[in-house]
Amino acid sequence: MILKLFFWLLLFLLFYTFVGYALVLYVAVQLRKLFLGKKKKNTNDYEPEVCLFVTAYNEKDYVAQKVENSFQLDYPKNKVQYIWVTDGSDDGTPEILKNYSNLEVYHQPERRGKMNAMNRGMQFVKAPVVIFSDTNTLLSKNTVRSIVAEFANPETGCVAGEKRIIEKPSDAAAAAGEGLYWKFESWVKKLDAELNSAVGAVGELFAIRRELFEEVETDTILDDFIISLRIALRGYKISYTPDAYAEETASLNVKEELKRKIRIAAGGIQALFRLKSLLNPFQHGVLSWQYVSHKVLRWTIAPLSLFLLFVFNAFIVWQNNAWSQPDFYTLFFWFQVLCYLLAAIGWYFENRKIRFKILFIPYYFLSINYAALRGILRYFRGGQPAGWEKSKRA
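Below, the structure is given as structure tokens:
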């Protein structure tokens, strides 16, 4: 009886984390529209000065295309401040950037981490709106206009853009899994924002009001997440606009994606401690529920539940000697075995450079949950540095 109780609890937690929350959110948004009507669309007439802010470490292969992309964005050039902080770069990145007269390039030879560079660079920002993006991402032409339109609402303190993965036919498992993951994640983030507020932003593209920036601890792992949610903790909304998007290629392979996910999971645990008041629904209401459902469960309980579910399921079938009986527990056990086998085949195919993307999805799903457990262990062992270790891209 106890085994079955734990089995159903684990199954519920997994379903709610990866499917149920999104469904509940969708229904809640539809009910909100039914009773309160659709949220008013923000006007594009709002045209404040903005700062395009990029921190770069040894990005010489990407800076030229990033700069050209920045210049091509649809917004008055006399209202844009371009800031690059290249601390620690020794591959010629700052020298390349200094060839552009309208860029402000701030460089010091010591590498002290991304957050230190951001804290230092923010003191030079003059514009009321700051748009952060990564060097290896290209922004959609209407990014700035779409973002500033959201700031026309005084309740908006942060705007999250959309991250899109460019998939190529030759890409490995990481591209199939990562692309599908971000499509689903973008849909959930859109629902979060429509109901109340998006739960954090990603560093590929997000923006804040300059006046709301507060220096962040330099050992912070997920700077984008901490910056955006600390603004939300002050009562502002994190808006989301899919019209402003950043494109980048997928991780080179699942091994490279694992590096990223382990770091994110370690950063998620760090964020739990630094945003602990957000766990209190009496203080932050709906945002607390969104945070726990969308992020906390996915980073902590769900990965452990996934692997424990198989163990408990196996014990139930073994206890009843029901390996070939057509009851639910037996059928679900063999379903799990099939999923693990498909993941193993996906791993084998990727290592052999065989492209069969349908098998890459279970492999990717299993890998990111394994990475979450690795990330938890790494954080508590103190083995995750705040410095960014770039994942190789396809």
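Each residue of the sequence shown is one higher than the last, beginning at 1 in full-length UniProt numbering. C-beta: ideal position from N, C-alpha, C; glycine also. A quick note: this is a predicted structure, and the numbers were derived from the prediction, not measured.
**The alpha helix (DSSP H) enclosing Trp334, as first and last residue numbers** = In the sequence shown, residue 334 corresponds to position 334, counting from 1. Taken as a continuous stretch (DSSP letters only), the alpha helix (DSSP H) holding Trp334 covers 328 to 351.
**Prompt:** Taking the alpha-carbon positions, what's the Ala344 to Tyr363 distance?
**Reply:** Mapped onto the sequence shown, residue 344 falls at position 344. Mapped onto the sequence shown, residue 363 falls at position 363. When rounded, the distance between both Cα atoms is 7 Å.
**Span of the alpha helix (DSSP H), counted from its first residue to its last, around Phe6** = Position 6 of the sequence shown, counted from the first residue, corresponds to residue 6. Phe6 -> alpha helix (DSSP H) spans 2 to 15.
**Spatial distance of Arg352 from Val337 (CA atoms)** = Locating residue 352 in the sequence shown gives position 352, where the first residue counts as 1. Locating residue 337 in the sequence shown gives position 337, where the first residue counts as 1. If you take the alpha carbons of Arg352 and Val337, they lie about 23 Å apart.
**Prompt:** Does the distance from the CB of Ile226 to the CB of Tyr379 come in under 9 Å?
**Reply:** In the sequence shown, counting from the first residue as 1, residue 226 sits at position 226. In the sequence shown, counting from the first residue as 1, residue 379 sits at position 379. Cβ atoms of Ile226 and Tyr379: not closer than 9 Å.
**Request:** Confirm, please, whether the CB-CB distance from Ala244 to Ser146 is below 9 Å.
**Result:** Position 146 of the sequence shown, counted from the first residue, corresponds to residue 146. Position 244 of the sequence shown, counted from the first residue, corresponds to residue 244. For the 9 Å CB-CB criterion, Ser146 and Ala244 form a contact.
**Message:** For the stretch 213 to 232 against the stretch 133 to 145, do three or more pairs of beta-carbon atoms, one drawn from each stretch, fall closer than 8 Å, so that the two count as touching?
**Reply:** no
**Asked** For Val296, does the three-state DSSP call read helix, strand or coil?
**Response** Sequence index remark: in the sequence shown, residue 296 carries index 296 (1-based). Looking at Val296 - three-state DSSP - the assignment turns out to be helix.
**Item:** Nearest-angstrom Cα separation, counted from Gly346 out to Ile354
**Value:** Taking the first residue of the sequence shown as position 1, residue 354 is located at position 354. Taking the first residue of the sequence shown as position 1, residue 346 is located at position 346. Going from the Cα of Ile354 to the Cα of Gly346 covers about 9 Å.
**Prompt:** Quick one: Cα of Ala322 to Cα of Lys33, how far?
**Reply:** Taking the sequence shown and counting its residues from 1, the one referred to as residue 322 is at position 322. Taking the sequence shown and counting its residues from 1, the one referred to as residue 33 is at position 33. If I take the Cα positions, the gap works out to 48 Å.
**Same chain, Cβ closer than 8 Å to Leu14, neighbours up to 5 away in sequence not counted** = Sequence index remark: in the sequence shown, residue 14 carries index 14 (1-based). Cβ within range, chain order: Ala302, Ser305, Leu306, Leu309.
**Message:** Please return the same chain residues whose Cβ sits closer than 6 Å to the Cβ of Val125, not counting the five positions on each side in sequence.
**Reply:** As a position in the sequence shown, residue 125 is number 125, starting the count at 1. These residues qualify, in order along the chain: Cys51, Arg210.
**Asked** Leaving out five residues before and five after Val188 in sequence, what residues of the same chain have Cβ atoms less than 8 Å from its Cβ?
**Response** Taking the sequence shown and counting its residues from 1, one reaches residue 188 at position 188. If we look at Val188 and ignore the five residues flanking it on each side, its Cβ neighbours are Tyr21, Ala22, Leu25, His294.
**Asked** Can you name the start and end residues of the beta strand (DSSP E) that Arg209 belongs to?
**Response** Along the sequence shown, read from residue 1 onward, the residue named residue 209 stands at position 209. Run containing Arg209: 205 to 209, per the beta strand (DSSP E) assignment.
**Request:** Please confirm whether residue 429 and Arg260 have their CB atoms less than 9 Å apart.
**Result:** Residue 429 lies beyond the range of the chain shown here (1 to 394); nothing can be said about it.
**Item:** Residue from Thr241, Phe315, Ala56, Asn116 with nearest C-alpha to Pro94
**Value:** Counted from its first residue, the sequence shown places residue 94 at position 94. Selection Thr241, Phe315, Ala56, Asn116 evaluated against Pro94 yields Ala56 as nearest (Cα-Cα).
**Request:** Name the residue from Arg230, Ile376, Ser186, Gly375 whose alpha carbon lies nearest to the alpha carbon of Ser288.
**Result:** Position 288 of the sequence shown, counting from 1, holds the residue named residue 288. Of the listed residues, the one whose Cα sits closest to Ser288 is Arg230.
**Message:** Which of the three DSSP states is assigned to Glu47 in this structure?
**Reply:** Counting from 1 along the sequence shown, the entry for residue 47 is found at position 47. Here Glu47 sits in coil by DSSP.
**Message:** If you reduce the DSSP assignment to three classes, tell me which class Pro94 lands in.
**Reply:** Within the sequence shown, numbered from 1, the residue matching residue 94 stands at position 94. Under the three-state reduction of DSSP output, Pro94 falls in the helix class.
**Asked** beta strand (DSSP E) containing Val80: first to last residue?
**Response** Position 80 of the sequence shown, counted from the start, is the residue given in the question as residue 80. Looking at the DSSP string, the run of the beta strand (DSSP E) that includes Val80 is 80 to 85.
**Prompt:** I think residue 397 touches Phe333, with their Cβ atoms under 8 Å apart; what is that distance to the nearest whole Å?
**Reply:** The question about residue 397 has no answer, for the chain in this structure spans 1 to 394.
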